[in-house]
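The listed protein sequences derive, respectively, from chains A and B.
Residues in the first sequence are numbered consecutively from 1015, following this note's numbering.
Residues in the second sequence are numbered consecutively from 25, following this note's numbering.
All C-beta atoms in this analysis are idealised placements derived from N, C-alpha and C, irrespective of residue type, glycine included.
So the structure is just underneath, and the comments pick up after that.
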Amino acid sequence: MTTGTTQTPRDVVRALPQAAREAFLERCATLLEALDVTTAGVPSASLPDTVAATLTNACADRVWLALAVLSARLPDIATTIEITRAVRLDGPALLLAHAITTMDQDELARVEIATGQTIVDVYQTARMPRSTGIQRVSRQLAREWAAHHDIRLVGWRDDQTALIDLTADERNHLLTDGLAPAPPPPGHRVTVVVPYRGRYLLPELAVGPQLTPRLQGLAEYSRCRTGVVGFDCVPLTSAETTHPGTPSHFVGNLAAVRHMDRIAAISRSAAAEYRGWRTMVGATGLRGPEITGIPLPTEGVTPSAEALVEARERFTIADMPLVLVVGTHEPRKNHEAVLHAAQLLWRKGHRFSLTFVGADGWRSESFRVALDDLQRAGLPLDSVSDLDEDLLWAAYTVAHCTVFPSSNEGYGLPVAESIAVGTPAVTSAFGSMAEVAADGGAVLVDPRDDHAIADGIAQLLEDRELYASLVLEARRRPRRTWADYAAEVWAFLSTEGPATD
Amino acid sequence: MSPGGHKRVARALAQRCRAAAEVYLDELPEPIDHGAHDAGRLLDLMVRRVQATADPAGAWLTWTAVAGAFPTAAEVQEARRTIELYPPADAAIWLLGRCQVSPRSIESFTCEMDVLVGAVVPSVDYCARVEHHTGIQRVVRETLPRWDIRHDVHPVAWTDSGGIMRGLDDVETDRVLRWNQQLHVARSSTTSGPPRLVVPWRSNVVLIEVPLPQLYPALQGLAEYSGNEVTAVGYDAIPVVSADVRPYSEPDNYVQYLSVIKHAARISGISVSAAQEFRGFAEALPSQGLPAAVVTEAFLPGEAPHATAPEQTLTERPIVLCVGSQEQHKNHLAVLHAAEILWREGLDFEVQLIGRAGWNAERLEARGEALIGAGRPLTFRRGVHDQELWDSYRRSRFSVFASLHEGYGLPVAESLACGTPVITTNYGSTREIAEAGGCLLIDPRNDDELVAAMRSMLVDDALWTRLSSEARERPIRTWADYADELWEQLIGSEGDES
Chain A
1015 MTTGTTQTPR
1025 DVVRALPQAA
1035 REAFLERCAT
1045 LLEALDVTTA
1055 GVPSASLPDT
1065 VAATLTNACA
1075 DRVWLALAVL
1085 SARLPDIATT
1095 IEITRAVRLD
1105 GPALLLAHAI
1115 TTMDQDELAR
1125 VEIATGQTIV
1135 DVYQTARMPR
1145 STGIQRVSRQ
1155 LAREWAAHHD
1165 IRLVGWRDDQ
1175 TALIDLTADE
1185 RNHLLTDGLA
1195 PAPPPPGHRV
1205 TVVVPYRGRY
1215 LLPELAVGPQ
1225 LTPRLQGLAE
1235 YSRCRTGVVG
1245 FDCVPLTSAE
1255 TTHPGTPSHF
1265 VGNLAAVRHM
1275 DRIAAISRSA
1285 AAEYRGWRTM
1295 VGATGLRGPE
1305 ITGIPLPTEG
1315 VTPSAEALVE
1325 ARERFTIADM
1335 PLVLVVGTHE
1345 PRKNHEAVLH
1355 AAQLLWRKGH
1365 RFSLTFVGAD
1375 GWRSESFRVA
1385 LDDLQRAGLP
1395 LDSVSDLDED
1405 LLWAAYTVAH
1415 CTVFPSSNEG
1425 YGLPVAESIA
1435 VGTPAVTSAF
1445 GSMAEVAADG
1455 GAVLVDPRDD
1465 HAIADGIAQL
1475 LEDRELYASL
1485 VLEARRRPRR
1495 TWADYAAEVW
1505 AFLSTEGPAT
1515 D
Chain B
25 MSPGGHKRVA
35 RALAQRCRAA
45 AEVYLDELPE
55 PIDHGAHDAG
65 RLLDLMVRRV
75 QATADPAGAW
85 LTWTAVAGAF
95 PTAAEVQEAR
105 RTIELYPPAD
115 AAIWLLGRCQ
125 VSPRSIESFT
135 CEMDVLVGAV
145 VPSVDYCARV
155 EHHTGIQRVV
165 RETLPRWDIR
175 HDVHPVAWTD
185 SGGIMRGLDD
195 VETDRVLRWN
205 QQLHVARSST
215 TSGPPRLVVP
225 WRSNVVLIEV
235 PLPQLYPALQ
245 GLAEYSGNEV
255 TAVGYDAIPV
265 VSADVRPYSE
275 PDNYVQYLSV
285 IKHAARISGI
295 SVSAAQEFRG
305 FAEALPSQGL
315 PAAVVTEAFL
325 PGEAPHATAP
335 EQTLTERPIV
345 LCVGSQEQHK
355 NHLAVLHAAE
365 ILWREGLDFE
375 VQLIGRAGWN
385 AERLEARGEA
395 LIGAGRPLTF
405 RRGVHDQELW
415 DSYRRSRFSV
425 FASLHEGYGL
435 PVAESLACGT
445 PVITTNYGST
455 REIAEAGGCL
465 LIDPRNDDEL
475 VAAMRSMLVD
485 DALWTRLSSE
495 ARERPIRTWA
505 DYADELWEQL
515 IGSEGDES
């Protein structure tokens, strides 16, 4: 923090290099306009003095807005409080001085205050090359919302200190599956977007030591309605199954989410986890967000004829029924239990082949060793790390059944996808997996009991009547589309008024 | 290894297998006077039993006996699955080889072990080993001596690698059970030889302190699979609930502690607020198919210390006392801000900050230096001993404790026990303490409220007198009260039957 200065704000600004000075004066005008202060007749060089006069004894919300606009970085809560106190004690000159020392001097972004607008933050989804389950959800929501509502799509600047408009390329890629976005051309001037008195919606998981404290400040001070999609609380509640380091990022995210208005969790089970967390938050004297569970949709996709042929060739052995396991190899997914259950069944003389589809994740080594041992022993099992969408749907279709005995899931997408194409699943008898299976098509088991998993698979292999009825149940399930889901999430996150919490 | 070494290892292995077999098997074969043969025969019988029952607790105990270390959760599963699939002789040989390469077993290959059945086993590794004596250690060292007199308890420490529990040596016993007599000071242990390992079986393992991270792998395996009941004192969940005011990577260890206590049967919070944090965590567990622990609360006592200093009189320059480690969530910056506003108003008072510099104290120190430089009567006092602390409470006009998040808020209770009124946070555990009188409550996120409360406390003598007498008249809750309640909540009457 800069302490006492005898210079006027105008003097401080005058000492800046010309480009920085011009950008700063432009931001002063932007700020004053948002605060409804008329600048007519005020010479440009005097704008900092007008800003200072406007901010005398400013409250924290105003200090936050002024810092965000003038420095083109969203301030965190600690900084906002510190500057608010300094303004109270020694006047607004300190705020301007702080904004100038922290401003983006080498970039000098244009700053827009998105007063009254709906901001949708799709940073990871638009910028990162991976395609995770979270990103699929986020992309679908962005597409549906962009089609039906007036929204502004933003991400975070590379330094994760400010929100910026997506480039046209990023927008196209996100909304239409177009080509991967090219980096912005040299000289491209980014527009920093400061949400204010509008809505801020976050359909993905925002993390990072720079990002989440600033997001927390936004939620607290921007006077926006804030809403977020909650995927699960696994790093908090099942940390023994997560990569070290992940919990800190996730818990940092929760610190920001604590200050938001609403969480739309992707299942009732995930909502229950978030409610447990909110009970914990009570110890900080805060209420925490309103929470509801809005289950994800699953639209089954009919695979191409070629993919079906390829899937049969690749994944089935002779006339044996195929048992399919989809998911990353990590302890939470319980794949070693599936291997053990399969061995118990093969020993009893059951005939089936077993295929895993999924990449190696954290602590997949022991699974890999066990799998290799069994393959060497000539047992009918296989593992592929990645499949394109068409072939994955073909695999689901070709499979006799799927097995998904995870210990904790926000949703349990592979169960839903399996049932959506009419393939029965064996899955866990609790949480989101039981929820997904509630409309039929699955056998529920205790995933912590290898014998129960084996029994579940055996039922689907041997009990033809049961199998047929599950297939029928699966085909009769009510259809739920991404459009349905996006509309429900929008309604819950973007509107005020009582929630059915 | 020398032939003598081999013999020692085999003898110890046989002893451990026999100790485990005694509680696990219905019938025991007569001992053979040859360690390796005796161990082999017992191991074969235990493996057969595990195979027949697919019993994870049996796999846990068998692994523990062979390795001289508790298995992790993954190791229990690995052992149970391997034993199920292979002939007993092969499985036993596999287990012997597997445990040999487990890094946490090596130090205890020559150790013998005692299996405690139906016992109450408080885990007190840190309090046994370390001289540090603040919040959690005080709870342990005030509670266990009282339990020890009235009940049959078996406090344990852990081996150096965190592989398994062990008994306490004589100095450690004094450090845990006789701390207030200070018998352990400058003494070294007379206990010699390898430590005696301790294995609880159908017992109650009481996590009365927050274990160090190196114990988590073994504790996770124990809590999930050993069949022992795990109970815990819940101090707070600050690392995951208030992560924004703590070091960024602090949650990584804390969540592994949560992965232990998610298998706990009962948790006793040190305040209603702390209990609420653990209850919230428990509420999240059915989503992963686990039952929620029973969470209760036993409020910590605020026993009056022996204070000798004269109390503050109204004529001296008043002292405003601020006790607590200087960390962001303690909100000291708000107190300095309020003080500066009041100094500028012309009020004459001194602010004393007592406590060590914690994480991210730099901002506070910079602000403090600026104020001191400007001539404000502000002092940072570090390394203050108990007697000095009590005297400071007595000499001060009031204390301020405007923390954003506390499991208990010890300085509030201490100040009140000294008859000194307190300005404190209007929610959570500090609010609970304040209910019996002597406090002004404020929203710690609202500077104006803090300024107004401090001003009142400084200028309104009637208010100050009323709060001071309220503080002196508070009912005294003792450590004996706490120890009894905690026993009732975590162990109950069943603990006395064994």
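Are the CB atoms of A1072(A) and P1106(A) nearer to each other than 9 Å? yes
Residue interval of the beta strand (DSSP E) (run including D1396(A)): L1395 to V1398
Using alpha carbons as the reference points, say which of S1446(A), I1165(A) and T1190(A) lies closest to A1128(A). I1165(A)
Helix, strand or coil: which one does DSSP assign to D1090(A)? coil
Opening and closing residue of the alpha helix (DSSP H) in which Q244(B) lies: Y240 to Y249
Residues of its chain near V234(B), where Cβ-Cβ distance is below 7 Å and the 5 sequence neighbours each way are ignored: I160, Y259 and Y281
Are the C-beta of E1287(A) and some C-beta of chain B separated by less than 9 Å? yes
Between the Cα of C442(B) and the Cα atoms of E459(B), Y417(B), F425(B) and P435(B), which residue gives the shortest distance? Y417(B)
Just to confirm, is the Cβ distance from G1201(A) to E1184(A) under 9 Å? no
For I232(B) and V257(B), which I take to be in contact (beta-carbon distance under 8 Å), what is that distance rounded to the nearest angstrom? 5 Å
Short check: CB of S1318(A) to CB of D1191(A), under 9 Å? no
6 Å CB neighbourhood of L1268(A) in its chain, flanking five on each side removed: none
Helix or strand or just coil, what does DSSP make of W511(B)? helix
Using beta carbons (cut-off 9 Å, strictly below), is H1343(A) in contact with chain B? no
Please name the residues in the region 1302 to 1315 of chain A whose beta-carbon is closer than 7 Å to at least one beta-carbon of chain B, in chain order. none
In whole angstroms, what separates the C-alpha of D1515(A) from that of V1503(A)? Bear in mind that the predicted position of D1515(A) carries a pLDDT of just 47, short of 50, making it too unreliable to give a figure here.
Helix, strand or coil at Q350(B) according to DSSP, with G and I counted as helix: strand
Can you give me the start and stop residues for the beta strand (DSSP E) that F404(B) sits inside? L402 to R405
Mind listing the chain B neighbours of T1293(A)? Cutoff is C-beta to C-beta under 7 Å, in chain order. Q300, R303, G304 and E307
With respect to 8 Å, is the separation between the Cβ of A1034(A) and the closest non-hydrogen atom of the ligand FAD below this value? In the structure shown, the ligand FAD is absent, as is every other ligand, since no ligand is present at all.
From C123(B) to V90(B), what does the alpha carbon distance come to, in whole angstroms? 7 Å
Chain A contact for L109(B) (CB, 9 Å cutoff): yes
I'd like the span of the alpha helix (DSSP H) that includes I457(B), first residue to last. G452 to A458
Quick test of your reading: L1229(A) and A1270(A), contact by CB under 8 Å. State the CB separation rounded to the nearest angstrom. 4 Å
Is the beta carbon of L52(B) less than 9 Å from the beta carbon of R40(B)? no
Proximal residues to I515(B) (C-beta, below 8 Å), its chain only, five neighbours per side dropped: V144, H175, N228, V230 and T255
At 7 Å on the CB atoms, spell out the chain A contacts of V265(B), in chain order. M1294, V1295, A1297 and T1298
Could you give the C-beta distance for I1433(A) and V1352(A), rounded to a whole number, given that I count them as a contact under 8 Å? About 18 Å; that fails the 8 Å criterion.
According to a CB-to-CB cut-off of less than 8 Å, which residues of the region 1103 to 1124 of chain A neighbour chain B? L1103
Alpha carbon to alpha carbon, how far is L360(B) from Y451(B)? 21 Å
If we define contact as Cβ-Cβ less than 9 Å, is S250(B) a contact residue for chain A? no
Counting only the same chain and skipping the five closest in sequence on each side, list residues whose C-beta sits under 7 Å from that of A1066(A). P1023, P1106, A1107 and L1110
Distance check for N470(B) and W1496(A), CA to CA, integer angstroms please. 44 Å
Reduced DSSP category for N204(B) - H, G, I as helix; E, B as strand; rest coil: helix
Collapsed DSSP secondary structure at R72(B) in the structure displayed: helix
For chain B, check one thing: does any of its Cβ atoms lie closer than 9 Å to the Cβ of E1096(A)? yes
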